[in-house]
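**Q** Following this message is one structure expressed as structure tokens.
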Amino acid sequence: MRTRTQSNDHSTSGAQIEQPDWHRLLICWEDGRFETDLDPSDISEFIKRKDHLVWLDIQAPRDEDIALLRKEFEFHPLAIEDATRHRERPKVDSYDGYYFLIFYAITYNEDKNRLQAELMSLFVGANFLVSVHQGPIEAIDNTIKRWQQNEEQFGRDVGVLLYELLDAIVDDYFPVIDQLAERVEDIEEQIFERFRNDALQDVFGLKRDLLNVRRIVAPERDVLNILIRREVPIFERNTILYLQDVYDHIVRITDSIDTYRDLLSSALDAFLSVQSNRLNQILKVLTIASIVLMTDALIAGIYGMNFEYMPILHSPYGFAISIALMVALSLGLIAFFRWRKWL
Amino acid sequence: MRTRTQSNDHSTSGAQIEQPDWHRLLICWEDGRFETDLDPSDISEFIKRKDHLVWLDIQAPRDEDIALLRKEFEFHPLAIEDATRHRERPKVDSYDGYYFLIFYAITYNEDKNRLQAELMSLFVGANFLVSVHQGPIEAIDNTIKRWQQNEEQFGRDVGVLLYELLDAIVDDYFPVIDQLAERVEDIEEQIFERFRNDALQDVFGLKRDLLNVRRIVAPERDVLNILIRREVPIFERNTILYLQDVYDHIVRITDSIDTYRDLLSSALDAFLSVQSNRLNQILKVLTIASIVLMTDALIAGIYGMNFEYMPILHSPYGFAISIALMVALSLGLIAFFRWRKWL
Amino acid sequence: MRTRTQSNDHSTSGAQIEQPDWHRLLICWEDGRFETDLDPSDISEFIKRKDHLVWLDIQAPRDEDIALLRKEFEFHPLAIEDATRHRERPKVDSYDGYYFLIFYAITYNEDKNRLQAELMSLFVGANFLVSVHQGPIEAIDNTIKRWQQNEEQFGRDVGVLLYELLDAIVDDYFPVIDQLAERVEDIEEQIFERFRNDALQDVFGLKRDLLNVRRIVAPERDVLNILIRREVPIFERNTILYLQDVYDHIVRITDSIDTYRDLLSSALDAFLSVQSNRLNQILKVLTIASIVLMTDALIAGIYGMNFEYMPILHSPYGFAISIALMVALSLGLIAFFRWRKWL
Amino acid sequence: MRTRTQSNDHSTSGAQIEQPDWHRLLICWEDGRFETDLDPSDISEFIKRKDHLVWLDIQAPRDEDIALLRKEFEFHPLAIEDATRHRERPKVDSYDGYYFLIFYAITYNEDKNRLQAELMSLFVGANFLVSVHQGPIEAIDNTIKRWQQNEEQFGRDVGVLLYELLDAIVDDYFPVIDQLAERVEDIEEQIFERFRNDALQDVFGLKRDLLNVRRIVAPERDVLNILIRREVPIFERNTILYLQDVYDHIVRITDSIDTYRDLLSSALDAFLSVQSNRLNQILKVLTIASIVLMTDALIAGIYGMNFEYMPILHSPYGFAISIALMVALSLGLIAFFRWRKWL
Amino acid sequence: MRTRTQSNDHSTSGAQIEQPDWHRLLICWEDGRFETDLDPSDISEFIKRKDHLVWLDIQAPRDEDIALLRKEFEFHPLAIEDATRHRERPKVDSYDGYYFLIFYAITYNEDKNRLQAELMSLFVGANFLVSVHQGPIEAIDNTIKRWQQNEEQFGRDVGVLLYELLDAIVDDYFPVIDQLAERVEDIEEQIFERFRNDALQDVFGLKRDLLNVRRIVAPERDVLNILIRREVPIFERNTILYLQDVYDHIVRITDSIDTYRDLLSSALDAFLSVQSNRLNQILKVLTIASIVLMTDALIAGIYGMNFEYMPILHSPYGFAISIALMVALSLGLIAFFRWRKWL
């Protein structure tokens, strides 16, 4: 039906060759029977029958897909407009007969060492779910697969579908958070164990990533809070319990992010202090070395004076005595600085 | 009708020659028919008929315009007073039969490299919209033009007019935000890639701009929140959905501004650290150089001593040996500092 | 009746000669007729008649004035006690039949370069206003004068009196805020354009002033918020609109103060950075100079060695060659440091 | 009855000799007649009669006192347990028939230069007040004395007793705050007028004191807010007005503390800047001195070279000329650095 | 019944030998009679009889224990899933007929110098309490022991059981907080009394611990707030009073943590300042030493010049005079620097 497997490593930036950038998947469930080979123009018929449950997933929507949303579902133009944008803020809008949600799938792309956030628009009605997104989102594919395999567990409630999808999305946040936590620990190690002078840029990049994740997760928490607080007529009471669970996870994630931001800013302070301390220590040692050298040079200078009468000038051991004096003074100074704990 | 095109590059500061500083535009819509050639003194008649929709736009109001507001619309003296000031805070005041709003159009003037904020006062009644402002505001002109061209889309609802206007105003914020984002990135590049010593003043200027934009946008968010939360009898239920959309945009903008402020303050920390680090590195290298020079000078000093008996003093290779000793010591010291990672 | 004009430049601190430190002014309005030559012991009679409007202004209250408040108005002992203190926080207390307000008049004393805050206690009843303060407050005098001259505009509503007074008080804040803004700009200029090493103390003083003004203005905003939100039976609905206007102004003032505090703390960061940068630049130049001098001294030291056989020692051009060598090395080093961008 | 006078300078820490560490005072008022010589076991009888007003004050409670609370008043075990602890947070708990409050008396002990906070537990019933504390609290003694002397002013309302006590407690905070304010000013002076290098430890100690006072005062503000907001059936409406007054004072105190914390953190920034600036200034002057010395040494080094032919070497004025050259160069350099504003 | 004594020092990390890692304890109370030797499969029978009170404690749950929860108690799958995870956030979820709570036991492991947090899941029904945890939790064991010994004090209320357990858990937080307070004081001492250069890493570790404790305690405060605010039908009114007490303690703990965080960040500032100050002091002394040495070297250099005519060159006291001059100049410079307060 779809050639999705080879498009899994597709990403929004960069040019790939020969990958189907688009797909549309329509599943209709009718009391234990799944149909996937449907004519999209029949959607309006299906969603009228309350015992059907329809999921339409659109990736990289084309004009004909948008037309479907307008004609078959009769969604509000504002919601459709939002669904095709790329930089919307997570939110939930309540329309007559359906909810419009914006959520983000966040993945950590190890190759590019970058976080990627993929916007996902959801239309949730009493017996339909429409998901619209640009790039592929694994959580959607997996949820659909699990629905088809565990039909009886999902029941006929659209709320369970939504829960399974959001739960999969939010569960994918945890590896991202873990990776951020690892980078915080890495930075601490770079500061305290093996000092690296360019940890600063890492701190800055990590701070940017934390800010970006927080900017997505914080409003998503609000979205879930609205869904579980407000009376949502299209969900059953039991579904709210499940969404509460997703909410708890997302609260834990924001908690973690705030903790890491706090730790990161301490790490920055620590880095600056350790860095300036190391430089100052070196300067101190060098300055002490210059004191020792100057003292020796003073001895040499004194014996370089042209007075006619100077002690030991004509003694055969004069030179050796002066060199010994230099060595003795140098050692004495070093001992003194050690004793003063300056070295 | 108006000679507006040549007044488009007009700005509040600086002297231009021969530009019409003033205009007044009155449009009355009556079921599909626009009239623009109207006697202002008939306004009070028009707004009595509920099937009329009137938009009065006043730029750089003169005394006779203020008189119009007082006599034809019978606006409250306080609202009129606020409409003619230049430094009001965005707000919405509810009067009997109309709302008074203050909003700002923000543009980025590339020539002067400065943000410009133009105050716009709006009186919104059941079937009229009055906009008062000092300089020209493109969003107003464009919205009027679009109204005249897409009459059927706008309908007879003043709320749609208001939505179209505020949407145009807020859409114009995005390029301003993008320009601020660019400047943040520019500053980061100035810090990490090609260090510029005077990035500090840029940071300061950008911080000031972010604060100023935030000071306008944050209360505008409150204004929109009041409009969509409070029951506003002169808007239809559908209009609220549209205003919600403008609200979402402005929330996204304040989010972005807060993120950029956070990034900017990290950038400042990073700048100070990189700057002090660079200076300290130079000082370190210079101090090491002085250690090398002092060591060599000590050798010279020692052979400048006037002892009668000194080794190799009378050897023909004495000078060469001493110079070789200096070179060897210098290279040894440099190797030592390299090994200690001080260089 | 009063010799107020010569007491206008009176201030709470410092000794002035021969100025009437005290005045009491009692005005009673009775449908278009003002009476000022009244026996204070008749007040209790006047305020019983609802068509009278009484304003009693007391400066530097004496025991007999306090007795008036107690006997004629029968104010609560707590309110009277608060009215005679000097360090109360702005607030509004609701008593039976009247409100007790504390507000501050803030002026900028140019001679002493200091902000002065004068506490003003107000008792606001259905048909009376009592103002108590220590030093003279221009806004009170002006409001009374305007009341006597524009009687018809004020009407018989005590709320309008209160609005006119608070509006005059708050309007006087703007020059103070402008002066603070000017000082912030002055400090920025001191940092970026012509660096002044003692800008730090200015920053500190300005911060103190901003904190003090904020400490007065923030609770005043709350006072006005209470007055316009809570149902205040002694004001007419229209009066609330006017108080809303004062509220808007005071919100704008607190906004400005917060912005200036933000800018000031950036300015402090900038100052510290610029200051340390300038010092480090100087140290860098001096260190480079010492490197050059040490190099030259090394040459001199080498030719000061006492070896029997040294090149060009006996040449007539030896000295000139060595000096030329020094000059060449110095220029070379300077060129090298320039090329490395260290100078 | 009590030997309290000699126990007034008692404090919780340190060993004193022969001071009655304990006292219990029971006062019963019955329509104008005070009785102090009562059998504690009759308390349960007294508090049944609604026209009696009982105050029981216990200092350094012993087991028999605790038994009194349990048997005569039948207080809840939790409240009794809290009343005998030393580190509780200020709070108000509502039990059946009485309120349990925790408040702190704060005094500044000049001898030890330390703030002392004495926990005071209060049980407030319809016609009784029980105060429990470890060390002596002057405000309690004074309030009891004033009650006995101004019986008619207090009336039969337990709320007035509570107000008088809390007012006395909170009034004692003001000298503490003034002392903190003085220390903030002292620190500013130490920074700007006569720099003291160890001001840092003072800043730290003051910050700790401010935090500790805030930690007591902020929850006390909440306690009072609860008492005046919530309908408290055992107080008369008039009493609320009085408690509002105490609330206002405590709000003013927290305001002040926050201001001083703000000023203190600016003071810390200022201190660090001034300190580092002074050190850098010294380093700059010393570095300039070394440049001057090195220049002179170079001259000496040049004339110390062993070339056969050197100018003025054999002139009788050679030495004087060289010294003059050194002096001239030194003065020239100093003038140059002055001109560059480096000195 | 259980071999718990030897498993008390068990901890989650590290390998111990031969310790029963698992236990399950089932206690049923029936009007004064305890039964512990019960068949778990009878639980569903017991909890039907309202005069029974059942506590099931499970450590390191195995599959058969999970099955018990599912079959006998019929808990919701989501709650059971949460109960077997290790990183949940403290929370309270309300299900039909029971509450699900997550709390943490925090202990300070002195051997490893580390805080350990042990997750504890609680199911609280009208007449049962189920506790699930991985490692051993002393507070649970102690509470069960106290229940069995003081049966009459606990009564038949499950709320009292919960209170006793949470109180024991929260009481165990205080030593942890005290230990954190001690470390803060220790760090202050390391900064001000005996400076230790590596206090920074301690600051960082302590900050991390404070953040981690706060992350547990803050949501626990919310949990208790929900329990005492919301009407919880399975608790008696009296129980709420007790939970209020636990709530007060946990509020005090969060207060303390916030204070320590504040003190810690001041301590960090102080540390950085003291550290940089010490380094700068050393640099200053060293620079002054170099000035003295350079001055002496200049004297030596001057007398090393090769002029034919120089004063005292041929005097027998010349050398002594020059050395005396050096000593005098050195002492003079040191006196000068002392007088300028630079030393």
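Chains as they are written, first to last, in the working numbering: chain A, 4 to 346; chain B, 4 to 346; chain C, 4 to 346; chain D, 4 to 346; chain E, 4 to 346.
Cβ atoms here follow ideal geometry from the backbone N, Cα and C, with glycine treated the same way.
(1) Report buried or exposed for B/Thr6, applying the criterion of at least 16 other Cβ atoms within 10 angstroms of its Cβ.
(2) So who's on the other strand from E/Gly307, going by DSSP bridges?
(3) C/Thr146 lies in the alpha helix (DSSP H); which residues open and close that run?
(4) Using the DSSP secondary-structure output, state which residues sit across from E/Asp299 in a beta bridge.
(5) Going along chain B in order, which residues have a C-beta closer than 8 angstroms to the C-beta of A/Tyr306?
(6) Taking 7 angstroms as the CB-CB limit, is A/Gly321 close to chain B?
(7) Would you call A/Gln22 buried or exposed, if buried means 16 or more other Cβ atoms sit within 10 Å of its Cβ?
(8) What runs of the alpha helix (DSSP H), each 4 residues or longer, lie entirely inside the segment 33-58 of chain B?
(9) Could you give the residue range of the alpha helix (DSSP H) that holds B/Ala323?
(10) Which residues of chain D have a Cβ atom closer than 7 angstroms to the Cβ of C/Gln204, listed in chain order?
(11) Can you name the residues of chain E whose CB is closer than 9 angstroms to the CB of A/Arg217?
(12) With 7 angstroms set as the bound, which would you pick, yes or no: does the beta-carbon of D/Asp258 sit closer than that to a beta-carbon of chain C?
(13) Within 7 angstroms of any Cβ in chain E, is that where the Cβ of A/Leu301 sits?
(14) Is A/Arg92 close to chain B? Criterion is C-beta to C-beta, closer than 7 angstroms.
(15) For the candidate residues A/Phe274, A/Ser44 and A/Ala63, whose alpha-carbon lies nearest to that of A/Leu71?
(16) Assuming B/Tyr111 is part of the beta strand (DSSP E), what are its boundary residues?
(17) Would you call D/Gln137 buried or exposed, if buried means 16 or more other Cβ atoms sit within 10 Å of its Cβ?
(18) Looking only at its own chain, which residues have a Cβ that is under 8 angstroms from the Cβ of E/Glu239, when we skip the five neighbours before and after it?
(19) Return helix, strand or coil for D/Arg211, following the three-state DSSP convention.
(20) Name the DSSP bridge partner or partners of D/Asp189?
(21) For C/Asp248 and chain H, any beta-carbon pair shorter than 7 angstroms?
(22) Using 8 angstroms as the Cβ pair cut-off and three pairs as the minimum, do the segment 275-289 of chain D and the segment 273-282 of chain E touch?
(23) Under 7 angstroms Cβ-Cβ, which residues of chain B neighbour A/Ala292?
(24) Using the rule of at least 16 other Cβ atoms within 10 Å of the residue's Cβ for burial, across every protein chain shown, is A/Leu334 buried or exposed?
(25) Determine the extent of the alpha helix (DSSP H) in which E/Ala120 is found, giving its start and end residues.
(26) Nearest-angstrom Cα distance between A/Thr110 and A/Val57?
(27) Using a Cβ-Cβ cutoff of 9 angstroms, what residues of the segment 123-140 of chain E are near chain A? List them in chain order.
(28) Here's the rule: buried if 16 or more other CB atoms are within 10 angstroms of the residue's CB, otherwise exposed. What is A/Gly321?
(29) Looking at the secondary structure, which residues open and close the beta strand (DSSP E) in which D/Lys94 lies?
(30) Please identify, using Cβ separations under 8 angstroms, the residues of the segment 266-277 of chain E that lie next to chain D, in order along the chain.
(31) Output yes if chain A places a C-beta closer than 7 angstroms to the C-beta of E/His317; else output no.
(32) Quick one: give me the first and last residue of the alpha helix (DSSP H) that E/Val235 is part of.
(33) If you compare alpha carbons, which of E/Gln193, E/Pro93, E/Leu28 and E/Arg199 is closest to E/Pro222?
(34) Just to confirm before moving on: does the CB-CB distance between A/Ala327 and B/Met308 stay below 7 angstroms?
(35) Please list the partners that E/Leu244 has in chain D, where partner means a Cβ-to-Cβ separation under 8 angstroms.
(36) Going by other Cβ atoms of all chains shown within 10 Å of its Cβ, with 16 needed for buried, is B/Lys53 buried or exposed?
**A** Taking the definition as stated:
(1) For this step, residue 6 of chain B is matched to residue 3 along the second sequence. With a pLDDT of 33 at B/Thr6, under the threshold of 50, the modelled position of that residue is not reliable, and the figure given next carries that caveat. B/Thr6 is exposed by the Cβ-count criterion.
(2) Counted from its first residue, the fifth sequence places residue 307 of chain E at position 304. According to DSSP, which records beta bridges pairwise, E/Gly307 is partnered with nothing at all.
(3) Mapped onto the third sequence, residue 146 of chain C falls at position 143. Counting along the chain, the alpha helix (DSSP H) containing C/Thr146 begins and ends at Glu141 to Gln152.
(4) On the fifth sequence, residue 299 of chain E is found 296 positions in, with the first residue counted as 1. Paired residue(s): none; E/Asp299 is not in a bridge.
(5) If you number the first sequence from 1, residue 306 of chain A lands on position 303. Ordered by position in chain B, the residues that pass the 8 angstroms Cβ test against A/Tyr306 are Met308, Asn309 and Phe310.
(6) Numbered from its first residue, the first sequence carries residue 321 of chain A at position 318. Closer than 7 angstroms: yes.
(7) As a position in the first sequence, residue 22 of chain A is number 19, starting the count at 1. Residue placement at A/Gln22 is flagged as unreliable, the pLDDT there being 49, under the threshold of 50; the coordinate-derived value follows with that caveat. Classification for A/Gln22: exposed.
(8) 46-49
(9) Here the question's residue 323 of chain B lines up with position 320 in the second sequence. Where B/Ala323 is concerned, the enclosing alpha helix (DSSP H) stretches over Gly321 to Trp342.
(10) As a working mapping, residue 204 of chain C is identified with position 201 in the third sequence. Residues of chain D passing the Cβ test: Phe195.
(11) Counting from 1 along the first sequence, the entry for residue 217 of chain A is found at position 214. Here the premise fails: no neighbours, minimum Cβ distance about 16 angstroms.
(12) Translated into the one-based positions of the fourth sequence, residue 258 of chain D becomes position 255. Closer than 7 angstroms: yes.
(13) Stepping through the first sequence from its first residue, residue 301 of chain A is reached at position 298. Chain E, which has a Cβ nearer than 7 angstroms to the Cβ of A/Leu301, makes this yes.
(14) Working through the first sequence from its first residue, we reach residue 92 of chain A at position 89. For A/Arg92, the answer is yes, since a Cβ of chain B falls inside 7 angstroms of its Cβ.
(15) Working through the first sequence from its first residue, we reach residue 71 of chain A at position 68. Selected option, being the one with the closest Cα: A/Ser44.
(16) Mapped onto the second sequence, residue 111 of chain B falls at position 108. Here the beta strand (DSSP E) through B/Tyr111 covers Tyr101 to Asn112.
(17) Walking along the fourth sequence from the start, residue 137 of chain D turns up at place 134. D/Gln137 comes out buried.
(18) Residue 239 of chain E sits at position 236 when you count from the first residue of the fifth sequence. Counting only residues of its own chain and dropping the five nearest sequence neighbours on each side, E/Glu239 has a CB closer than 8 angstroms to the CB of Asp160 and Gly162.
(19) Taking the fourth sequence and counting its residues from 1, one reaches residue 211 of chain D at position 208. For D/Arg211, the three-state secondary structure derived from DSSP is helix.
(20) Taking the first residue of the fourth sequence as 1, we reach residue 189 of chain D at position 186. Answer by DSSP bridge pairing: none, since D/Asp189 is not bridged.
(21) Protein chains in the displayed structure are A, B, C, D and E, and chain H is not among them.
(22) The segment 273-282 of chain E and the segment 275-289 of chain D touch, with three or more beta-carbon pairs separated by less than 8 angstroms.
(23) Your numbering for residue 292 of chain A matches position 289 in the first sequence. Ile294, listed in chain order.
(24) In the first sequence, residue 334 of chain A corresponds to position 331, counting from 1. Exposed, because fewer than 16 other Cβ atoms sit within 10 Å of the Cβ of A/Leu334.
(25) The sequence position of residue 120 of chain E within the fifth sequence is 117, counting from 1. From DSSP, E/Ala120 is part of no alpha helix (DSSP H) but of the beta strand (DSSP E) over Arg117 to Gly128.
(26) Position 107 of the first sequence, counted from the start, is the residue given in the question as residue 110 of chain A. Position 54 of the first sequence, counted from the start, is the residue given in the question as residue 57 of chain A. Cα-Cα distance, rounded: 27 angstroms.
(27) none
(28) Indexing the first sequence from 1 puts residue 321 of chain A at position 318. Buried.
(29) As a first step, residue 94 of chain D must be located in the fourth sequence, where it is residue number 91. D/Lys94 -> beta strand (DSSP E) spans Lys94 to Tyr98.
(30) Within the segment 266-277 of chain E, the qualifying residues are Leu266, Ser269, Ala270, Asp272, Ala273, Ser276 and Val277.
(31) On the fifth sequence, position 314 is the one that residue 317 of chain E refers to. With 7 angstroms as the cut-off, E/His317 counts as an interface residue toward chain A.
(32) To locate residue 235 of chain E, count along the fifth sequence from 1; it is residue 232. From DSSP, E/Val235 is part of no alpha helix (DSSP H); its letter is neither H nor E.
(33) Start at 1 with the first residue of the fifth sequence, and residue 222 of chain E comes out as number 219. Selected option, being the one with the closest Cα: E/Pro93.
(34) The residue you call residue 327 of chain A lines up with position 324 of the first sequence. The residue you call residue 308 of chain B lines up with position 305 of the second sequence. Not a contact, by the Cβ cut-off of 7 angstroms.
(35) Position 241 of the fifth sequence, counted from the start, is the residue given in the question as residue 244 of chain E. Those are His79, Leu81, Asp96 and Tyr98, listed as they occur along chain D.
(36) In the second sequence, residue 53 of chain B corresponds to position 50, counting from 1. It is exposed - the Cβ of B/Lys53 has fewer than 16 other Cβ atoms within 10 Å.
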